[in-house]
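Below is one structure, written out as structure tokens, with a few remarks after it.
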Amino acid sequence: MAELTLYTNPMSRGRIARWMLEEIGEPYDVEILDFGPPMKNDQYCTINPMGKVPALRHGAHVVTEAAAICAYLAEAFPKAGLAPRPEERADYYRWMFFTAGPVEAALTNHALGLEPPADKSGMVGYGSYASVVDTLEKAVSRHPYITGERFTAADVYVGSHVSWGTQFGTLPQRPAFAAYWDRLKDREAVARATRLDDEAAETMKKATA
Numbered sequence: 001m002a003e004l005t006l007y008t009n010p011m012s013r014g015r016i017a018r019w020m021l022e023e024i025g026e027p028y029d030v031e032i033l034d035f036g037p038p039m040k041n042d043q044y045c046t047i048n049p050m051g052k053v054p055a056l057r058h059g060a061h062v063v064t065e066a067a068a069i070c071a072y073l074a075e076a077f078p079k080a081g082l083a084p085r086p087e088e089r090a091d092y093y094r095w096m097f098f099t100a101g102p103v104e105a106a107l108t109n110h111a112l113g114l115e116p117p118a119d120k121s122g123m124v125g126y127g128s129y130a131s132v133v134d135t136l137e138k139a140v141s142r143h144p145y146i147t148g149e150r151f152t153a154a155d156v157y158v159g160s161h162v163s164w165g166t167q168f169g170t171l172p173q174r175p176a177f178a179a180y181w182d183r184l185k186d187r188e189a190v191a192r193a194t195r196l197d198d199e200a201a202e203t204m205k206k207a208t209a
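Counting along the sequence shown from 1, when you hit position 104 you're at 104 in full-length UniProt numbering, and nothing is skipped either side.
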């Protein structure tokens, strides 16, 4: 039994955690959960009271939220070289948390057709969808990677959102987003994680057919 266990669903943000686990290269177990009752039962809710995935068990400790899992694994397994160096910390935390907060909220609300009135935008943490998109574009344009010249765990999290957003239409197609994802998409860990999650999704599909 591995020291790390990922609780996930291949059609969820658990894909981010899977990618991060593939990047650190440590052995891990996976428990695939269906949406609905399997995630809401008492047993799983002792791991994540929200009844959502992903969740990561590391020995006696549990981490939830995809951004937190990325940051935790980078620090827990420093040999992978994915934690920020001192000069990278500001951009690392700034853009990871910007993506976990304003980007997540703005893109979700936009997809649902929930746009704050212009005179009420100050009450919304992200302001407006347009300003969030413009700011994200600037963030991925400043350097090859979020913190500079080097790939870090922040790129796993930010890159996942850029990939999904442009793929599913919650982010507009802009050259800066395409160029940023092009620098990430051919990583071996991306290929492994994608294959494993696609296989898991196909297995689940066949099981319910």
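We treat Cβ as the ideally placed atom computed from N, Cα and C, and that holds for glycine.
For residue j and residue i, the rounded distance between their alpha carbons
| i | j | result |
| --- | --- | --- |
| Pro27 | Phe35 | 25 Å |
| Gly169 | Thr203 | 27 Å |
| Gln167 | Leu4 | 30 Å |
Beta-carbon proximity of residue i to residue j, cut-off 9 Å
| i | j | result |
| --- | --- | --- |
| Ala66 | Ser160 | yes |
| Ala139 | Val158 | yes |
| Pro10 | Asp197 | yes |
| residue 210 | Leu114 | A question about residue 210 goes unanswered here, because the residues of the chain that appear run from 1 up to 209. |
| Tyr92 | Thr135 | no |
| Val133 | Pro172 | yes |
| Ala200 | Ile32 | yes |
Per-residue burial, residue i [other beta carbons within 10 Å of its own, 16 or more giving buried]
| i | result |
| --- | --- |
| Cys70 | buried |
| Ala207 | exposed |
| Thr46 | exposed |
| Leu73 | buried |
| Glu188 | exposed |
| Arg13 | buried |
| Asn48 | buried |
Candidates the options: closest to residue i by CA position
| i | options | result |
| --- | --- | --- |
| Ala153 | Glu88, Ala2, Ala178 and Gly125 | Glu88 |
| Phe98 | His61, Val162, Leu4 and Leu73 | Val162 |
| Leu21 | Lys206, Thr194 and Ala209 | Thr194 |
| Asp29 | Leu184, Thr46, Asp119 and Ala55 | Ala55 |
| Glu104 | Gly127, Glu75 and Val62 | Gly127 |
| Arg57 | Arg18, Lys120 and Glu188 | Arg18 |
| Gly59 | Met50, Ala76, Val53 and Ala68 | Ala76 |
| Leu82 | Glu149, Met123, Pro49 and Ala2 | Glu149 |
| Ala191 | Ala2, Ser12, Ile16 and Tyr7 | Ile16 |
| Glu23 | Phe151, Trp181 and Tyr180 | Phe151 |
Runs of beta strand (DSSP E) wholly within the UniProt domain "GST C-terminal" (85-207) (minimum 3 residues, chain order): Entirely contained in the UniProt domain "GST C-terminal" (85-207), not one beta strand (DSSP E) run reaches 3 residues.
Which runs of the alpha helix (DSSP H) at least 4 residues long sit entirely within the UniProt domain "GST N-terminal" (1-81)? Give them in chain order. Here the runs fully enclosed are 14-24, 37-40, 42-45 and 66-76.
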